[in-house]
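K.L.:
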Ligand code: SF4
Ligand code: SF4
Ligand code: FES
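In our numbering, the protein residues as written are 2 to 261.
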């Protein structure tokens, strides 16, 4: 009988664990074709595991670019559901199809000629009055935006309200894909935010002051110093820089005020 001890090599153990994880496969259907993919993968990673090379419908992979809209259905359920492929993890036997682009109506306009008048958005998108207040858009939104309320705000001419409610919109188009009234909510919201930013929000005085200082050459010397610095010096400067605390108030200033 051999007295040789079992190997405790961590690398071998890691490989073994990896194989065990990979062995836990789950079936899914992509565009109607069955694949077995490791449990716990996002839809996007599962598609890549299955051999898809994503050149559309894939961007940030972090839930912020809106490129990876996906529609899916679970077995035994008639209901179609939507999600971001880079966020939603696979479930057994789910049917998946990607909608990387939604051909929604996008109005053409000359922004320079637009004002902050309440009717400005609904003049360009009169179809917004087809909204039947079903709230499907809100339920579909992966960003948790009160989409229906934002549309209601636009119908009332409340452009600022719609801009604020839709601030986190990532233009994924999933609301539109579920809309009974066939509204392109995200294009309407984008226009509202543009009008809000350019015509409604007061100009930031501190920003204007900073732009003036840059244009007058206040920072030229510092930038030249940085351009001449060696890589090690740059790394040191970066690592030792004073970082604004998370809880800093509006009046926070760094100790070194040379660059203000
Ligand atoms: S409002 Fe519509 S387009 Fe914007 S994030 Fe929500 S679902 Fe996507
Ligand atoms: S899905 Fe369309 S019709 Fe329904 S509440 Fe939203 S905008 Fe209105
Ligand atoms: S890839 Fe950007 S949101 Fe999914």
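Yeah, the Cβ is synthetic: ideal placement off N, Cα and C, and Gly gets one too.
Remember, predicted model here, so these are calculated numbers, not experimental data.
Check whether the segment 191–204 and the segment 103–114 touch, using three or more Cβ-Cβ pairs below 8 Å as the test.
P.N.:
Short answer: they touch.
K.L.:
Hey, how far is the Cα of residue 311 from the Cα of residue 92?
P.N.:
Nothing can be reported for residue 311, as the shown portion of the chain is limited to 2 through 261.
K.L.:
Output needed for residue 164: all residues of its chain with C-beta closer than 7 Å, excluding positions within five of it in sequence on either side, in chain order.
P.N.:
Around residue 164: 193, 194, 197.
K.L.:
What residues are listed by DSSP as bridge partners for residue 201?
P.N.:
Beta-bridge pairing links residue 201 to no other residue.
K.L.:
Under 7 Å from any heavy atom of ligand 3, does the C-beta of residue 86 make it?
P.N.:
Checking the Cβ of residue 86 against ligand 3 gives yes.
K.L.:
Does any residue of chain C have a CB that is nearer than 8 Å to the CB of residue 242?
P.N.:
Structure shown: chain C not included; a single protein chain is present.
K.L.:
Label residue 247 either buried or exposed according to how many other C-beta atoms from any shown protein chain fall within 10 Å of its C-beta, with 16 as the threshold for buried.
P.N.:
Exposed: under 16 other Cβ atoms inside 10 Å.
K.L.:
Does the Cβ-Cβ distance between residue 95 and residue 74 come in under 8 Å?
P.N.:
It is a contact, given that the beta carbons lie within the stated cut-off.
K.L.:
Does ligand 2 have even one heavy atom less than 7 Å from the beta-carbon of residue 105?
P.N.:
Answer for residue 105: no, Cβ out of range of ligand 2.
K.L.:
Can you list, in chain order, the residues of its chain with a C-beta nearer than 8 Å to that of residue 35? Leave out the 5 residues immediately preceding and following it.
P.N.:
Same-chain partners within the cutoff: 28, 29.
K.L.:
Going by C-alpha to C-alpha distance, which of 146, 241, 217, 160 sits closest to residue 119?
P.N.:
Per the Cα distances, 160.
K.L.:
If you measure between the beta carbons of residue 245 and residue 253, is that distance less than 8 Å?
P.N.:
For residue 245 and residue 253, yes; Cβs fall inside 8 Å.
K.L.:
Between the Cα of residue 133 and the Cα atoms of 180, 51, 170, which residue gives the shortest distance?
P.N.:
Nearest of 180, 51, 170 to residue 133, Cα basis: 180.
K.L.:
Between the Cα of residue 162 and the Cα atoms of 141, 143, 190, 183, which residue gives the shortest distance?
P.N.:
Among 141, 143, 190, 183, the Cα nearest to that of residue 162 is on 190.
K.L.:
Helix, strand or coil for residue 51 per DSSP?
P.N.:
Residue 51: coil per DSSP, three-state reduction.
K.L.:
Less than 6 Å between C-beta atoms, sequence neighbours within five positions excluded: which residues of the same chain meet that for residue 76?
P.N.:
Only 94 meet the Cβ criterion.
K.L.:
According to DSSP, what are the bridge partners of residue 196?
P.N.:
For residue 196, which the question treats as bridged, DSSP gives no partner whatsoever.
K.L.:
Which stretch, first to last residue, makes up the beta strand (DSSP E) that contains residue 248?
P.N.:
Neither: residue 248 is in no beta strand (DSSP E) and is coded neither H nor E.
K.L.:
Could you check how far apart the C-beta atoms of residue 37 and residue 26 are, in whole angstroms? I think they sit under 8 Å.
P.N.:
Right, their Cβ atoms sit about 4 Å apart.
K.L.:
Could you tell me whether the segment 80–88 touches the segment 62–71, using the rule of 3 or more Cβ pairs below 8 Å?
P.N.:
A contact exists between the segment 80–88 and the segment 62–71.
K.L.:
What are the start and end residues of each continuous alpha helix (DSSP H) run of 4 or more residues lying completely inside the segment 152–188, in chain order?
P.N.:
Entirely contained in the segment 152–188, the alpha helix (DSSP H) runs reaching 4 residues are, in chain order, 160–166, 175–178.
K.L.:
Could you pull the start and end residues of the beta strand (DSSP E) that residue 27 belongs to?
P.N.:
Taken as a continuous stretch (DSSP letters only), the beta strand (DSSP E) holding residue 27 covers 26–31.
K.L.:
Are the segment 166–175 and the segment 132–149 touching, with three or more C-beta to C-beta distances below 8 Å?
P.N.:
Yes, the segment 166–175 is in contact with the segment 132–149.
K.L.:
If you follow the alpha helix (DSSP H) that residue 43 is part of, which residue opens it and which one closes it?
P.N.:
Where residue 43 is concerned, there is no enclosing alpha helix (DSSP H), given that its DSSP letter is neither H nor E.
K.L.:
If you draw a straight line from the alpha carbon of residue 240 to that of residue 209, how long is it in whole angstroms?
P.N.:
Those two C-alpha atoms are separated by around 30 Å.
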